[in-house]
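Okay, so the sequence shown: first residue is 6 according to the numbering used here, each after it adds one. To start, the structure under review is shown below, and the notes come after it.
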Amino acid sequence: MTSALRNNAATRRTPGRFILWMALFSTVFAGFIALGNWQVRRESWKLKLIHNVNARVHAPAVAAPGPATWSRIEKGHLQYLHVSLKGRFLDAMPTLVHGTSDFGYGYWVMAPFETDRGFVVLVNRGYIPAALPATPGLGRAMSPPEKTTLTGLLRLSEPGGGFLRPNQPHADQWYSRDVAAMGAAWGLPADRVAPYFVDADATTTRAGGPVAGLTRIHFRNAHVGYAITWYLLALGTLLGAGLVIRDELQARHPSSAVTD
6 MTSALRNNAA
16 TRRTPGRFIL
26 WMALFSTVFA
36 GFIALGNWQV
46 RRESWKLKLI
56 HNVNARVHAP
66 AVAAPGPATW
76 SRIEKGHLQY
86 LHVSLKGRFL
96 DAMPTLVHGT
106 SDFGYGYWVM
116 APFETDRGFV
126 VLVNRGYIPA
136 ALPATPGLGR
146 AMSPPEKTTL
156 TGLLRLSEPG
166 GGFLRPNQPH
176 ADQWYSRDVA
186 AMGAAWGLPA
196 DRVAPYFVDA
206 DATTTRAGGP
216 VAGLTRIHFR
226 NAHVGYAITW
236 YLLALGTLLG
246 AGLVIRDELQ
256 ARHPSSAVTD
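Right, here's the structure in full:
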């Protein structure tokens, strides 16, 4: 009787259903393998990026890119390049951008710097605590008018604002270092303002002024962990397919034992 029931179950199974299961497992397995391989490639790209950035940061300063190379910067190239600027700060009250540093919550001090090559670069002079903006004479300490040479790291513009906190130029409330918007707020011609800003080096710190040289350089690199996860899921898919195959084989070749 048991043998007969098994034979009936086997006949109810259709090859098409098994083929569909195998096609599904194959597709999922291939997808997990592809995602794992993609993360491996991302890991290689990230390590190369970190190496290139470290090389730029610690290399001798070069002249800040001029208009001829601005298109490369807008595409994300030259981030953290160590650059030098020659010229003077414009006679404009610096813009304060809400932010945090190793010293806590406060402001980043952004000031327009006119280079001796005719274009303007926004310079992040550094950090000041939240209570400091009311200090008399702070504007001159933050943006000395005399000609000078400074060095720093090239940074990409941060348009729009911070997380859930849009910039409000009309109210002079800034939550990101948006180069284009700040240039417009200062009334600077758009074609003269570089599409990047420069984080000033620690050597530019002046008594009573912002603390410079606080750039944080950190690249999250979790691609190995992601790759392992995708490969484990692929292995799990293989195990699942193995169970289906075993069940199919048992159904097609039931035991010949007969019980009454």
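Positions of the beta carbon are idealized from the N, C-alpha and C atoms, including for glycine. The structure presented is a predicted model; accordingly, all values stated were derived computationally and were not measured.
Taking C-beta to C-beta, are residue i and residue j nearer than 8 Å?
i      : j      : result
Ala159 : Gln84  : As written in the sequence, residue 159 is Leu, which differs from the Ala given in the question. Yes, they are a contact pair.
Asn129 : Asp204 : yes
Met187 : Leu101 : no
Thr239 : Phe34  : Checking the displayed sequence, the identity of residue 239 turns out to be Ala instead of Thr. In contact: Ala239 and Phe34 (Cβ atoms closer than 8 Å).
Trp179 : His103 : yes
Glu272 : Phe23  : In this structure the chain extends from 6 to 265, so residue 272 is not present and cannot be described.
Ile268 : Tyr201 : With the chain represented from 6 up to 265, any question about residue 268 goes unanswered, as that position is not in the structure.
Ile222 : Val62  : yes
Ser162 : Ala185 : yes
Gly109 : Leu219 : no
Leu95  : Glu119 : yes
Just confirm the distance between the C-beta atoms of residue i and residue j, as a whole number of angstroms; I'd bet it's less than 8 Å.
i      : j      : result
Lys51  : Gly92  : Contact flag wrong, Cβ pair sits at about 36 Å.
Ser181 : Gly165 : 6 Å
Ala199 : Trp75  : 7 Å
Ala69  : Leu90  : 5 Å
Val125 : Arg197 : 5 Å
Val216 : Thr208 : Rounded, the Cβ-Cβ distance is 12 Å, inconsistent with contact.
Spatial neighbours of residue i within its chain, please: C-beta separation below 8 Å, excluding the five flanking residues on both sides.
i      : result
Pro189 : Residue 189 is actually Ala in this sequence, not Pro. Correct list, in chain order: Pro174 and Ala195.
His228 : Gln44, Val45, Arg47, Glu48 and Lys51
Ala97  : Ala116, Pro117, Ser148 and Trp191
Phe224 : Lys51, Leu54, Ile55 and Val58
Val67  : Leu86, His87, Val88 and Ser89
Thr242 : Phe30, Val33, Phe34 and Phe37
Asn172 : Gly165, Gly166, Gln178, Trp179, Tyr180, Ser181, Asp183 and Ala186
Pro65  : His87
Asn226 : Glu48, Lys51, Leu52 and Ile55
Could you pull out every residue in the same chain whose Cβ sits closer than 7 Å to the Cβ of residue i, ignoring the five residues on either side in sequence?
i      : result
Ile133 : Gly111, Tyr112, Val114 and Pro215
Gly71  : Arg122 and Phe124
Trp26  : Val249
Which same chain residues end up closer than 6 Å to residue i when comparing Cβ atoms and leaving out the 5 residues on each side of it in sequence?
i      : result
Leu248 : none
Ala139 : Unreliable placement is indicated for Ala139, whose pLDDT of 49 sits below 50; the coordinate value is still reported in the next sentence. Excluding sequence neighbours, Ala139 sits near nothing in its chain.
Ala232 : Gly41, Gln44 and Val45
Ala246 : Phe30
Ser106 : Tyr132 and Leu219
Trp235 : Phe37, Leu40 and Gly41
| Which ranges would you report for the alpha helix (DSSP H) in the segment 67-145 if only whole runs of at least 4 residues count? | 75-79
| request: Can you check the segment 169-200 for any alpha helix (DSSP H) of at least 4 residues that lies completely inside it and give the ranges in chain order? | output: 184-190
| Secondary structure, alpha helix (DSSP H): runs of 4+ residues fully inside the segment 194-263 | 228-257
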